[in-house]
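The sequence shown maps to residues 9 to 256 in the working numbering.
Cβ atoms here follow ideal geometry from the backbone N, Cα and C, with glycine treated the same way.
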Amino acid sequence: MKDYKESFSMKLKILRNTYGLSLAELAKILNMNTRGSLYDWENKRSFPSMENLIFLTNFFGVSLEWLLGRSSDIYTENSVYLGEVALYTEIDDDYINGREVGECYRADFLKAIESISGKGYLDLDGLNITNYSSRIEYYVNHNDHKKNYSLPVRANLLVLLRLVPLGDLYWAHHYIVYGKYTKNKRDILDLTKRDLRSAIGIKAENYKVPGKKARERAINLVELLMTSVVNADSKMPVYDVEEAFKQL
Numbered sequence: 009m010k011d012y013k014e015s016f017s018m019k020l021k022i023l024r025n026t027y028g029l030s031l032a033e034l035a036k037i038l039n040m041n042t043r044g045s046l047y048d049w050e051n052k053r054s055f056p057s058m059e060n061l062i063f064l065t066n067f068f069g070v071s072l073e074w075l076l077g078r079s080s081d082i083y084t085e086n087s088v089y090l091g092e093v094a095l096y097t098e099i100d101d102d103y104i105n106g107r108e109v110g111e112c113y114r115a116d117f118l119k120a121i122e123s124i125s126g127k128g129y130l131d132l133d134g135l136n137i138t139n140y141s142s143r144i145e146y147y148v149n150h151n152d153h154k155k156n157y158s159l160p161v162r163a164n165l166l167v168l169l170r171l172v173p174l175g176d177l178y179w180a181h182h183y184i185v186y187g188k189y190t191k192n193k194r195d196i197l198d199l200t201k202r203d204l205r206s207a208i209g210i211k212a213e214n215y216k217v218p219g220k221k222a223r224e225r226a227i228n229l230v231e232l233l234m235t236s237v238v239n240a241d242s243k244m245p246v247y248d249v250e251e252a253f254k255q256l
């Protein structure tokens, strides 16, 4: 059996590469000034604090026991659930998509997810700062998303919901829904800006079409949300950590 440091370094690299995250991107998500510490973790030169370990397990939705080589189960209901709770209820840090945001923005983000997925996890009428926290608690304890998505897909959603900003989420939705009907991609950008104008704290006119990697992530997120009603598709992750681990 590999020691826990060797297991951690190998699996962190698998997770990062499977999701196409650069060292710099993951360092930013972890609030690190440089990518040097991450490089050292992946090369067994140092080991993260317990705080960073917990953040990583919540971010990727993986089991801490698996990450440290004490279990073969990459995902458990508890590991994914704790990741969902961390994503939706860490109000003190106000972090989502790797950037600081306020509760109004978070509410707008959840509204967009609701619209795209077609799932009534939240009663969106009157959603505002005062009742936001209680409705998020209802969301993470609701059983529909557990029935409609497999654990690997729910883990994919955890990562993508932190990586994809609201503007890119709207852009990808319009691209998938209307892209085949219009040759003028400017129409998609205009639709995105229209939606962003109703979001609090977002400067719609500054929004630009995402780059290749950001575009791919946003499209993957929207497609995962939209296929939740099709059981066969909703069981298959886009970023398959289990398959990547088997290839070692």
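Report yes if the C-beta distance between residue i and residue j is below 7 Å; otherwise report no.
| i | j | result |
| --- | --- | --- |
| Leu46 | Asn66 | no |
| Ile82 | Glu250 | yes |
| Tyr12 | Gly77 | yes |
| Ser79 | Glu73 | yes |
Give the single residue among the options whose Cα lies nearest to the Cα of residue i.
| i | options | result |
| --- | --- | --- |
| Phe68 | Tyr186, Thr190, Ile37 and Gly187 | Ile37 |
| Val93 | Ala35, Ile62 and Ser79 | Ile62 |
| Ala261 | Asn25, Pro173 and Asn60 | This structure gives no information on residue 261, because the portion of the chain shown stretches from 9 to 256. |
| Ala252 | Met58, Pro160, Arg53 and Asn41 | Pro160 |
In whole angstroms, give me the CA-to-CA distance for residue i and residue j.
| i | j | result |
| --- | --- | --- |
| Ala180 | Leu75 | 32 Å |
| Asn192 | Leu165 | 30 Å |
| Ile137 | Ile227 | Note that Ile137 scores 37 on pLDDT, short of 50, meaning its location in the model is unreliable; the coordinates nonetheless yield the value given after this. Approximately 29 Å between the Cα atoms of the pair. |
| Met18 | Asp198 | 44 Å |
| Pro56 | Arg194 | 45 Å |
| Pro245 | Val217 | 25 Å |
| Asn105 | Tyr27 | For Asn105, the pLDDT reaches just 48, beneath the cut-off of 50, and the residue's location in the model is therefore unreliable, although a value from the coordinates is still provided. Distance between the alpha carbons of Asn105 and Tyr27: 14 Å. |
| Asn39 | Asn60 | 10 Å |
| Val281 | Arg24 | Nothing can be reported for residue 281, as the shown portion of the chain is limited to 9 through 256. |
| Glu14 | Lys243 | 30 Å |
| Asn41 | Lys188 | 42 Å |
| Thr190 | Ala35 | 38 Å |
| Gly219 | Leu64 | 26 Å |
| Leu167 | Lys254 | In the sequence as presented, Leu is not what sits at residue 167; that position holds Val. Roughly 21 Å separates the two Cα atoms. |
Here's a check: name, in chain order, each residue in its chain whose Cβ is nearer than 7 Å to the Cβ of residue i, leaving out the five neighbours to either side.
| i | result |
| --- | --- |
| Ala222 | Asp176 |
| Glu50 | Ser17, Leu20 and Lys21 |
| Thr200 | Gly175, Tyr178, Trp179, His182 and Tyr215 |
| Glu33 | none |
Check the C-beta distance from residue i over to residue j and give it rounded, since I have them as a contact under 8 Å.
| i | j | result |
| --- | --- | --- |
| Arg205 | Leu171 | Actually they are not in contact, since the Cβ atoms of Arg205 and Leu171 sit about 23 Å apart, beyond 8 Å. |
| Leu31 | Arg43 | 4 Å |
| Leu169 | Leu232 | So it is not a contact: roughly 10 Å between Cβ atoms. |
| Arg162 | Val88 | 5 Å |
Skipping 5 residues on each side, what residues in its chain have a beta carbon closer than 6 Å to that of residue i?
| i | result |
| --- | --- |
| Arg202 | none |
| Tyr247 | Thr26, Tyr27 and Asn164 |
| Asn58 | Contrary to the premise, residue 58 reads as Met rather than Asn in this sequence. Excluding positions up to five away in sequence, the list is empty. |
| Gly128 | Legend: pLDDT at Gly128 = 44, less than 50; position of this residue unreliable, value from coordinates given subsequently. Nothing listed; no residue qualifies. |
Less than 8 Å between C-beta atoms, sequence neighbours within five positions excluded: which residues of the same chain meet that for residue i?
| i | result |
| --- | --- |
| Leu256 | Met18 and Ile22 |
| Tyr186 | Asp195, Ile196 and Leu199 |
| Asp48 | Ser54 |
| Lys52 | Lys13, Glu14 and Ser17 |
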